[in-house]
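So the structure is just underneath, and the comments pick up after that.
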Amino acid sequence: MNSAGPRALVQIIAKHPWSSLRDSTVLGAIMLFAVLMAQQYDIFGFIESLADPRREISPAEAVALGCLGALCVWIFISRRFDEQRSDAMSLDALAREMRELRTHANQDPLTSLPNRRVLLEALDLAMKLPPAAGCSHAIFLLDLNDFKCVNDRYGHAAGDEVLQAVVERFRRVARANDVFARLGGDEFAVLSRNVDEHMARTIGNRFIGALHGGVNAGGVQHTVGVAIGAAFYPRDGQSVEKVLRLADVAMYRAKAQPGSSLVFFDAAEDTAPRQATG
């Protein structure tokens, strides 16, 4: 039994007053019943002792009664601590459930990547922390090329396998401190903090290179490319919404290029981004 002190026992009783009262009543009734049975059947010679006031309860009788009382007290306290353990287990289960709910709320179920919600929160936080001198925060939007053909020809189950294989490739080239998220379907995003344009180009080309040679899924080799558009904070936009919109503009220009392509948004050209591969 738990060795907590009297204060802990008082707290447990206060937390469960009705069950404590019920148990006390039951144990009291048990003790009363035991005494009545002892008198009824002269177990300890109570009748003789009552007839002879000089007779005292023998040590054996005292020990037996003491043991009975101690047993009742032990049962009472044990039940209180059992209730405490039950409460603790319920709280642990609730905490686990809350953690699972938070995980499901922030994680893509197919790839286990952070989802759009996490990306937006990370972008918002990044914009509250100015980039280092000479650097920007870069947001890349990635859209797979020819992925629809995989779904149409092989089915969505095969498409899911291809997505998981692509994500594994991308994970290998993503930087440890970058936020790599799935936005939905075959669209992904990467937030790279404190990078210059040269480093951003290097990062983007790593993702393109990750798909060279295609990916194997279900015993079939699939040729999949990626179109990447990138925009920079604070150079291109001062808000999460604007930077994402400009990265999306650049990504659609990249989609218009043959094969895989990386395009940076160029604010000087407004909606006419320039190709940045090479």
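Numbering (our numbering), first residue to last: 151 to 428.
For each residue, glycine too, the CB sits at the ideal point set by N, CA and C.
| query | With 16 other CB atoms within 10 Å as the buried threshold, where does residue 281 fall? | reply | buried
| message | On the DSSP bridge list, what partners appear for residue 293? | response | 337 and 377
| task | Label residue 411 either buried or exposed according to how many other C-beta atoms from any shown protein chain fall within 10 Å of its C-beta, with 16 as the threshold for buried. | result | buried
| request: Using alpha carbons as the reference points, say which of 414, 360 and 383 lies closest to residue 275. | output: 383
| Beta-ladder partner(s) of residue 257, from DSSP | 264
| The beta strand (DSSP E) with residue 366 in it runs from where to where? | 365-367
| field | Under the three-state DSSP convention, the category residue 312 falls into | value | helix
| query | Looking only at DSSP bridge pairs, what is residue 383 linked to? | reply | 287
| request: Take residue 317 and list the residues in its own chain whose beta-carbon comes closer than 6 Å to its own, dropping the five residues that flank it on each side. | output: 261
| task | Work out the CA separation of residue 323 and residue 283 for me, nearest whole Å. | result | 25 Å
| request: Would you mind sorting residue 311 into buried or exposed? The rule is 16 or more other CB atoms within 10 Å of its CB. | output: buried
| task | Could you check which residue in 335, 315 and 321 has the C-alpha nearest to that of residue 363? | result | 315
| DSSP state of residue 307 mapped onto helix, strand, coil | helix
| task | Assign residue 294 to one of two classes, buried (16 or more other C-beta atoms within 10 Å of its C-beta) or exposed (fewer than that). | result | buried
| said: For residue 348, report the span of its alpha helix (DSSP H) as first-last. | reply: 347-360
| message | Starting from residue 412, trace the beta strand (DSSP E) in both directions and tell me its first and last residue. | response | 411-414
| query | Candidates 306, 361, 392 and 335: which alpha carbon is nearest residue 417's? | reply | 392
| task | For the alpha helix (DSSP H) holding residue 397, just list the boundary residues, first then last. | result | 390-405
| field | Reference residue 390; option with closest CA among 259, 258 and 288 | value | 288
| message | Alpha carbons only, please: which of 268, 374 and 345 is nearest the one belonging to residue 296? | response | 374
| field | Validate contact between the stretch 300-311 and the stretch 345-357 using beta carbons, cut 8 Å, 3 pairs | value | no
| query | Which same chain residues, not among the five before or five after residue 200, have their C-beta less than 6 Å away from its C-beta? | reply | Legend: pLDDT at residue 200 = 49, less than 50; position of this residue unreliable, value from coordinates given subsequently. So the list is empty, once near-sequence residues are dropped.
| In DSSP terms, what residue 272 is bridged to | Residue 272 is not bridged to any residue.
| Which residue or residues does DSSP assign as beta-bridge partners of residue 370? | 367
| Under a three-way DSSP split, which group does residue 331 fall into? | strand
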